[in-house]
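**Q**
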Amino acid sequence: MLIFEQSQPGRRADSQRSDDGALDGLPDEYLRTEAPGLPEVSELQVVRHYTNLSRKNFSIDTQFYPLGSCTMKYNPRGALRAANLEAAQGRHPLSPESASQGFLSCMYHLQEMLRDVTGMAAVSLSPMAGAQGEFAGVAMIRAYHEAQGDTGRREIIVPDSAHGTNPATAVMCGYKVREIPTAKDGDVDIEALRAAVGPQTAGLMMTNPSTVGVFERRIEEVASIVHGVGGLLYYDGANLNAILGKVKPGDMGFDVLHMNLHKTFATPHGGGGPGSGPVAANERLRPHLPVPYVLRTEQDGQPVFRWADDAACPQSIGRLSAFMGNAGINLRAYLYALMLGREGMHRVGEFATLNANYMAKRLAEAGFDLAYPKRRATHEFIVTLQKQAKTLGVTAMDFAKRLLDYGYHAPTTYFPLLVPECFLIEPTETESKEELDGFIAAMASILAEARENADLVKGAPYTLPAKRLDDVRAARELDLVYQPPGE
Amino acid sequence: MLIFEQSQPGRRADSQRSDDGALDGLPDEYLRTEAPGLPEVSELQVVRHYTNLSRKNFSIDTQFYPLGSCTMKYNPRGALRAANLEAAQGRHPLSPESASQGFLSCMYHLQEMLRDVTGMAAVSLSPMAGAQGEFAGVAMIRAYHEAQGDTGRREIIVPDSAHGTNPATAVMCGYKVREIPTAKDGDVDIEALRAAVGPQTAGLMMTNPSTVGVFERRIEEVASIVHGVGGLLYYDGANLNAILGKVKPGDMGFDVLHMNLHKTFATPHGGGGPGSGPVAANERLRPHLPVPYVLRTEQDGQPVFRWADDAACPQSIGRLSAFMGNAGINLRAYLYALMLGREGMHRVGEFATLNANYMAKRLAEAGFDLAYPKRRATHEFIVTLQKQAKTLGVTAMDFAKRLLDYGYHAPTTYFPLLVPECFLIEPTETESKEELDGFIAAMASILAEARENADLVKGAPYTLPAKRLDDVRAARELDLVYQPPGE
Amino acid sequence: MLDALGADSIEDLFDEIPAPLRAGRLQQVPEGRSERDAVAEVRRRLEQDPALTCFAGAGAYDHYVPAAVWDLATRGEFMTAYTPYQAEASQGTLQLLYEYQTMMSRLTGMDVSNASLYDGASALAEAVLMAVRAQRKSGSRRILLAGSVHPNYRATAASIVSSQEIELETLVFCESTGRVEMAALQAHGENEYAALVVQSPNFFGGLEAVDELTDWAHARGMLVIAVVNPMTLAVLKPPGAWGETGADIVVGDGQPLGLPLSSGGPYFGFMCARQKIVRQMPGRIIGRTVDLDGREGFALTLQAREQHIRRSKATSNICTNQGLAVTAATVFLSLLGPQGLQEMARASYQRSAELVAALTDVEGVHAHFSGPRFHECVLRLPVRADSIVDRLAQEGVLAGVALGYYFPGLENCLLTCATEQRSAAEIAHFAGALRRVLEEAV
Amino acid sequence: MLDALGADSIEDLFDEIPAPLRAGRLQQVPEGRSERDAVAEVRRRLEQDPALTCFAGAGAYDHYVPAAVWDLATRGEFMTAYTPYQAEASQGTLQLLYEYQTMMSRLTGMDVSNASLYDGASALAEAVLMAVRAQRKSGSRRILLAGSVHPNYRATAASIVSSQEIELETLVFCESTGRVEMAALQAHGENEYAALVVQSPNFFGGLEAVDELTDWAHARGMLVIAVVNPMTLAVLKPPGAWGETGADIVVGDGQPLGLPLSSGGPYFGFMCARQKIVRQMPGRIIGRTVDLDGREGFALTLQAREQHIRRSKATSNICTNQGLAVTAATVFLSLLGPQGLQEMARASYQRSAELVAALTDVEGVHAHFSGPRFHECVLRLPVRADSIVDRLAQEGVLAGVALGYYFPGLENCLLTCATEQRSAAEIAHFAGALRRVLEEAV
Ligand SMILES: Cc1ncc(COP(=O)(O)O)c(C=O)c1O
Ligand SMILES: Cc1ncc(COP(=O)(O)O)c(C=O)c1O
């Protein structure tokens with residue numbers, strides 16, 4: 003039942019009242035004529051309604067959630083505690099620098115740690131999610147070329163395995179997208195890349211480990227090909243979790259990158275966000291970083307932190323948000339980075355990789371096809387269910403839905419697009435072997451079901467708050483806003 | 003699966019470590035030889051395990067919970083926020099008075115409000131739940147008689163409808179219990195009371211509204227009978243919610259009472275507690291109040307708050323806890339009382355009573371028997387399922403279990419003992435009419451099921467995490483502590 | 014597990030990474046700390062800054078957030094779920110978002126709402142892009158943007174849309190009212206614009222002539238993009254009712270609806286629009302539908318607009334949005350209801366009037382603009398406002414936002430604000446401190 | 014609803030209440046306030062007290078509480094459930110309590126645990142009553158109680174058991190060690206006692222000769238009641254292993270296991286015991302059993318001990334206990350595990366040693382008692398300790414507990430404590446402040 007369907011005129015959560023004021027001096031023409039149609043319910047109704055709604059979700063806190071490319075790992079509650087400190091929540095974004103040195107020092111210290119982890123020259127924390135980080139990075143590439151007077155570069159190269167945000171970003175930055183294929187072994191098709199680059203090439207966007215779950219071994223060659231024609235390299239850091247403390251993107255030759263703090267650095271995904279997508283740049287691109295970020299200066303030998311703003315950064319691509327991005331998320335990441343520390347960061351990549359390789363091995367033994375069986379898995383790997391789809395008529399979608407009945411969230415399905423009927427599986431470093439084994443056993447059991455009774459699998463799920471939903475109807479008979487019956 | 007069954011040697015929540023110290027100077031004879039057998043699990047395992055365990059509970063936040071005598075009402079989250087303030091949580095109980103004036107002023111103000119609500123002379127907040135409040139009150143009665151040199155009084159009179167804590171308390175205070183019957187109309191059997199009292203009578207313990215859900219109309223007569231023989235009147239305030247702001251126990255003639263703040267004043271029950279059971283006394287019994295409580299004095303015209311301790315209260319029954327009771331619960335009650343205010347307190351009793359009377363009426367219309375059909379319900383009322391038990395073989399227990407399948411917590415069953423096959427139903431003031439109607443419809447539907455297919459009802463519940471549990475086995479083959487298989 | 018893999022050490026699993034790329038020791042990352050130590054460190058740093066009583070607004074407002082809001086939003090099932098791609102396992106989030114869309118549509122008076130964008134400023138950028146798409150026929154890539162729109166919103170919109178060769182033209186505000194006067198439009202009557210952007214209450218707290226502006230723009234084939242504070246819509250005319258036919262796209266920041274100040278985020282951007290341009294909307298949209306058994310259910314819909322399906326042809330690159338912030342706002346709006354939100358708005362209005370009265374009572378302090386405003390006001394001080402803001406911070410007061418940074422010429426101007434939370438005592442303290450500080454300064 | 018009842022007004026529903034009893038206006042209860050105002054009022058009052066760095070112990074310890082503990086415990090399903098009477102609808106709480114019982118049994122080295130009592134002091138009272146019941150055969154109603162047991166525990170036990178004609182006899186502690194020396198027992202060798210009560214670490218932080226005391230008591234047919242701090246049991250010998258056969262009943266306060274100081278509560282009392290006297294235990298006990306389908310499940314058991322079944326014949330009148338505090342402690346113990354708890358204990362020991370070293374370095378400050386101690390220590394100052402506690406509060410330090418209040422003759426003695434949370438800087442600040450204050454005083 004919708005909260006609106008529980009509404010009764012005049013009912014309210016009484017303790018949420020304010021001393022009523024009058025709108026003296028406001029002419030009627032500015033006023034609304036009737037109260038907004040918000041629900042009229044008691045506080046208990048609100049609490050019960052949303053508590054019960056929450057119970058209809060799968061989540062990391064309740065289930066194993068091996069969603070590839072999303073890094074659904076456990077995010078320590080301590081990070082939330084830090085962000086919830088009164089001193090954190092109560093700070094207005096436009097407080098003067100003189101009264102913000104403590105806060106600025108946190109942001110600066112986080113910038114420094116991220117700089118180190120990525121091997122870049124400078125970091126701006128202001129992008130609010132991965133896609134905005136991508137926007138910032140590609141806009142910086144454009145700004146760089148323009149600053150060089152190099153205005154003929156109109157193309158961004160993107161591998162066909164790329165996340166959808168990559169091509170969408172390139173277009174938002176005014177570029178054309180040129181796709182290059184992935185080779186059979188999962189690496190970029192080098193010859194195709196060579197053929198694609200030229201004076202029109204502004205840059206290449208790449209994820210490494212890539213979204214097919216392997217490490218691009220010829221990354222240095224890729225970099226030199228792109229740099230060779232005057233292009234720049236963008237690193238999509240969504241998969242940074244895999245190589246944290248192991249490899250620095252800067253060392254691979256990337257010029258600019260974003261990180262998804264909500265994947266690698268402790269922010270649970272919140273049913274869709276918020277995240278934070280800091281960008282890092284090497285020396286060449288540094289002048290173009292989005293503002294604001296934090297600068298460290300000194301006064302009488304003492305550090306003084308200041309905002310780097312438009313005035314300080316005349317070549318910046320500008321600002322991307324009203325204030326300074328998702329500052330609270332950055333604070334969580336800061337706490338998390340402090341907790342992990344140097345050693346902990348190494349361990350993240352190690353255990354993420356160990357868990358993924360273990361699962362890949364066991365699933366292969368259980369009769370599933372790996373998309374890249376000859377390669378090491380990174381923090382994630384791909385199973386293709388093409389065989390099952392052909393021989394049993396049971397698709398990746400069917401397996402995914404049936405997994406829900408077993409109490410496991412499904413892996414990412416049908417992404418990357420180049421592998422048919424695929425499952426992109428990312429266990430993360432925070433899951434125990436017991437969970438991995440449970441998932442593997444469920445997969446094996448569903449495979450047996452698919453052989454014995456394909457319809458059972460195709461009708462799944464059965465035990466969830468809803469059966470499969472009619473997406474076609476959702477899109478055709480658009481119902482996006484509740485209309486009370488009879489209105 | 004138990005948390006112990008998820009344990010792996012050496013696994014841990016790494017971020018919960020402490021810098022290791024050494025036990026230099028502690029002789030081996032004081033040390034344990036092996037580490038305590040606590041679970042060895044990751045932080046994610048802990049979070050997932052207890053999140054999922056919680057989901058196996060019914061609760062106010064998820065269900066209507068009309069448990070009679072327990073006042074399962076919505077307790078505003080704001081009260082929890084107050085108790086969670088750093089200034090609240092960080093205060094050590096033995097902080098000096100000089101650094102505790104703010105805290106003490108809160109406790110004093112709460113004492114004053116409770117004093118007013120009950121119509122008594124003084125309040126001590128130290129008892130930690132209802133039963134300890136009862137202990138305090140009866141011990142005060144005893145202390146009073148002893149202070150008068152009146153040592154022959156060995157009996158406490160308790161109506162047969164009384165809560166189990168009443169007779170148990172009387173015995174803990176060294177008294178014998180004399181039970182008196184309840185009359186057909188739900189009031190105390192006055193003649194039986196007259197016959198029971200005498201020089202041996204130390205006092206009478208009573209709830210009003212009583213646990214049969216009616217207001218004792220001859221309360222003044224009851225009081226004068228007991229007072230007439232030199233006995234004192236104890237008021238069990240568990241049902242105070244019904245008459246908050248309507249009647250003061252002090253005006254009814256009670257000498258001493260306890261309140262259940264966890265029922266009437268905003269503390270959710272926590273799966274069993276904690277609560278708080280302040281005692282209030284009239285002038286006669288005031289010197290015997292348990293310590294510590296808060297006194298207001300003045301210095302240079304300014305209020306100064308002090309602890310009333312043994313030295314200040316030589317006739318006190320003494321202390322009942324290491325510090326000052328469940329101070330944090332009292333703070334929640336304080337916040338709640340501030341929010342309710344004078345008007346709000348009146349409304350509590352009014353709507354609790356309205357809801358109960360409405361449900362009683364509707365359930366009677368649906369074919370259920372009220373135990374006291376001629377009486378007004380108070381905040382709760384009794385349905386007796388004796389007829390259904392006899393004619394259909396479906397007991398109150400069966401109805402209770404089946405209600406769970408309908409998503410409603412069962413009312414209190416088989417209490418009070420004098421009404422056979424009873425449901426004690428307390429909707430509370432915070433529930434909406436829609437919930438009440440839903441419950442009534444469920445009851446009607448179960449009645450129909452009982453007529454058509456009694457076994458269906460007798461086998462319930464079906465949709466919960468467990469079916470009916472084998473209590474006999476639980477008591478016979480005691481398994482109170484997990485032993486790993488093979489140990 | 015290594016055994017199962019036939020590996021000797023975890024290092025073996027990294028053997029595909031070229032050796033020269035292997036990283037050395039991290040230099041800037043200190044040794045790991047326990048939760049206790051790390052939280053203490055963050056606290057120590059943050060508490061080094063003075064706690065200020067907040068009289069700043071400028072897009073972030075110090076409203077009360079009921080305790081239930083985040084108690085519910087931080088339940089693990091909301092907080093640790095991903096975007097609801099597997100609808101059957103995400104009905105909680107999906108239904109909540111459908112309710113959110115309904116609430117926002119009703120507040121703004123529009124037909125539809127998406128499930129959020131990053132923040133108000135980036136939402137404005139997306140609205141501009143959307144307007145240009147919706148006006149594809151006309152082909153205009155010029156936008157007329159009121160100069161009284163939040164300067165950071167204008168800057169953000171500029172950073173984001175400029176690569177797509179869209180031109181943002183500023184419509185000057187009147188120096189005496191701080192709002193766009195109809196006269197200023199004359200300079201623009203000839204050009205073709207895709208849309209007009211108006212914020213009301215505007216950056217200075219003033220109420221724009223929204224009806225006239227809307228009708229003027231519509232008469233010229235422009236779309237109207239309204240930028241609003243959703244809290245004020247409890248009492249102010251919703252953009253859906255501006256002028257004859259209402260605004261076309263409405264954006265703003267959801268911060269006032271239960272989000273703590275938190276140095277600027279996470280908040281969330283909202284976007285509502287007319288049904289007929291819904292397919293041009295960016296961001297996630299939830300639809301109500303039925304499941305195989307015909308029971309009501311909810312799912313992501315119109316995904317063919319989005320990057321994960323359409324890639325380079327998507328309406329936007331947005332993927333992760335501000336889900337949890339929206340969760341909090343939905344609970345907030347349910348808790349307050351129409352009455353609670355109206356009271357909050359009226360009380361903020363009134364406290365702000367009291368604040369302005371108290372401050373303009375101080376020698377040399379004047380309201381800079383005339384005309385109706387909501388709960389913010391620009392005051393002209395006898396000295397530079399930024400130095401006063403710094404100075405009052407030492408008195409525990411965040412006086413507001415100094416405008417010289419954004420508007421050369423307004424160096425002595427302070428944008429100040431009060432919400433329902435500001436007490437008479439706090440206002441008096443602010444006024445007293447300002448008086449003292451100004452006396453010192455002179 | 015009134016219509017359905019045929020009533021004109023709610024007042025009608027109160028018509029059975031005699032008119033003279035109807036209450037007038039409440040005098041002490043002010044007008045109601047909104048959540049915002051009420052929380053602000055409580056905050057205002059509480060923040061009027063200085064925030065103190067805590068060096069006090071005496072039964073309540075400032076340990077770190079991991080964030081996950083209360084995030085989980087305050088989930089609505091735990092926090093707003095009643096006592097698990099309807100087992101099928103309470104498996105979450107029931108299983109958790111079964112796990113709790115297991116943890117406490119393992120920590121204390123005992124066979125069984127109940128599901129909690131109010132606090133450590135009242136748990137001691139219940140242990141005394143339980144011991145008397147268990148010794149019914151001997152008929153003794155005398156208890157020998159070490160004078161080094163927390164004075165408030167002794168006082169609480171006295172208030173609670175005295176009405177039942179039980180005598181508590183004090184066993185004096187040694188003036189130089191602060192603990193019970195075997196010599197003191199001679200005075201009591203002749204009497205018949207139901208039980209001996211020993212606390213270790215005792216109130217002064219000292220470790221008692223638990224093995225000898227236990228054996229001495231057992232040799233005389235007495236039960237041994239151990240009072241312990243559960244955190245210390247991470248490293249100290251558990252009562253189940255005291256002497257030849259171990260203690261019989263173990264009680265204490267669970268506060269160190271994840272409960273904030275909160276002015277003294279809510280904490281929880283725990284009680285563990287030997288299997289053979291489990292039927293004499295007060296309080297709730299959870300058992301593992303099976304459901305109709307034979308699947309594992311949990312239920313309240315041995316209810317025939319309890320007031321709701323046995324009424325006047327119950328083992329205690331306790332009904333509501335401290336369930337939510339136990340929920341937090343169970344999560345806490347799972348999170349810390351054996352290693353985390355041991356580290357916490359060792360770190361507290363070490364910080365406390367550092368504290369004592371720093372403070373006794375101050376002129377005129379000495380350790381008052383000799384012998385092994387855990388993380389508390391009695392220091393003798395050159396002046397009255399209570400004035401020092403007051404004075405240091407002005408320096409932001411809660412120095413400890415002045416002992417003169419409890420022990421005439423120890424007016425100059427301060428019971429002080431450090432946990433793993435106290436940093437070297439805080440210890441140095443305390444020592445420096447003490448030095449300054451003592452210099453002032455002289
Ligand atoms: C590989 C990759 N790149 C980019 C993104 C976009 O990040 P965000 O969702 O934070 O915008 C994602 C997230 O799903 C991703 O997996
Ligand atoms: C009528 C009555 N009296 C006393 C009590 C005992 O209160 P508590 O559980 O707080 O000890 C109860 C609680 O169940 C009760 O209902």
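Sequence lines, in order, name chains S, X, Z and F. Everything in the first sequence is counted per the working numbering, starting at 3 for the first residue and increasing by one. Everything in the second sequence is counted per the working numbering, starting at 3 for the first residue and increasing by one. Everything in the third sequence is counted per the working numbering, starting at 14 for the first residue and increasing by one. Everything in the fourth sequence is counted per the working numbering, starting at 14 for the first residue and increasing by one. Ideal Cβ positions, reconstructed from N, Cα and C, are used throughout, including at glycine.
Between the beta-carbon of F/Y77 and the beta-carbon of Z/E54, is there less than 9 angstroms?
**A** In this structure, Z/E54 does not lie closer than 9 angstroms to F/Y77 by Cβ.
**Q** Answer yes or no: the CB of S/A138 versus the heavy atoms of ligand 1, is any distance below 8 angstroms?
**A** S/A138: no, Cβ never under 8 angstroms from ligand 1.
**Q** Does the beta carbon of S/C424 fall short of 8 angstroms from some heavy atom of ligand 1?
**A** No, Cβ of S/C424 sits at least 8 angstroms from all heavy atoms of ligand 1.
**Q** Helix, strand or coil for Z/I30 per DSSP?
**A** In this structure, Z/I30 counts as coil in the three-state DSSP scheme.
**Q** Whole angstroms are fine: how far does the CA of S/M122 sit from the CA of S/G252?
**A** When rounded, the distance between both Cα atoms is 5 angstroms.
**Q** I want to check one thing, is the minimum distance from the CB of Z/C390 to the heavy atoms of ligand 2 below 8 angstroms?
**A** No.
**Q** Can we say the stretch 413-432 of chain Z touches the stretch 25-33 of chain F, given the rule of at least three CB pairs closer than 8 angstroms?
**A** In short, these stretches do not touch, since the Cβ pair count stays below three.
**Q** Please confirm if S/S17 has its CB atom under 9 angstroms from at least one CB of chain X.
**A** Taking Cβ atoms only, chain X reaches closer than 9 angstroms to S/S17, which makes this a yes.
**Q** Hey, is F/D84's beta-carbon within less than 9 angstroms of any beta-carbon in chain S?
**A** Closer than 9 angstroms: yes.
**Q** Can you list, in chain order, the residues of its chain whose CB lies under 7 angstroms from that of S/L246, leaving out five sequence neighbours each side?
**A** Counting only Cβ-Cβ distances below 7 angstroms, and skipping sequence neighbours, we find V119, T266, M347, V350, G351.
**Q** From the DSSP secondary-structure annotation, give me the bridge partner or partners of S/T415.
**A** S/T415 pairs with S/F425.
**Q** Sorted by chain position, which residues of the same chain lie with C-beta nearer than 8 angstroms to F/L405's C-beta, five sequence neighbours on each side aside?
**A** If we look at F/L405 and ignore the five residues flanking it on each side, its Cβ neighbours are L411, A412, F443, A446, L447, V450.
**Q** Quick one: residues in its chain with C-beta nearer than 7 angstroms to the C-beta of S/P305, no 5 flanking neighbours on either side, listed in chain order?
**A** Correct list, in chain order: R298.
**Q** Need the endpoints of the alpha helix (DSSP H) that S/L104 sits in, please.
**A** The sequence shown places Gly at residue 104 of chain S, rather than the Leu named in the question. Here the alpha helix (DSSP H) through S/G104 covers 103-120.
**Q** Can you pull the chain Z residues whose beta carbon is under 9 angstroms from the beta carbon of F/A80, in chain order?
**A** Those within 9 angstroms of F/A80 in chain Z are E48, V52.
**Q** Comparing the C-beta of F/Q114 with each C-beta of chain X, is any distance below 9 angstroms?
**A** Yes, F/Q114 counts as interfacial toward chain X.
**Q** Is S/T35 buried or exposed, if buried means 16 or more other CB atoms sit within 10 Å of its CB?
**A** Exposed, by the Cβ-count rule.
**Q** Between Z/V241 and Z/R359, is the Cβ-Cβ spacing less than 9 angstroms?
**A** No, Cβ-Cβ distance for Z/V241 and Z/R359 is not below 9 angstroms.
**Q** Mind checking the stretch 88-106 of chain F against chain S and listing, in chain order, the residues whose C-beta falls within less than 7 angstroms of any C-beta there?
**A** Against chain S - using a Cβ distance shorter than 7 angstroms - the residues of the stretch 88-106 of chain F are G89.
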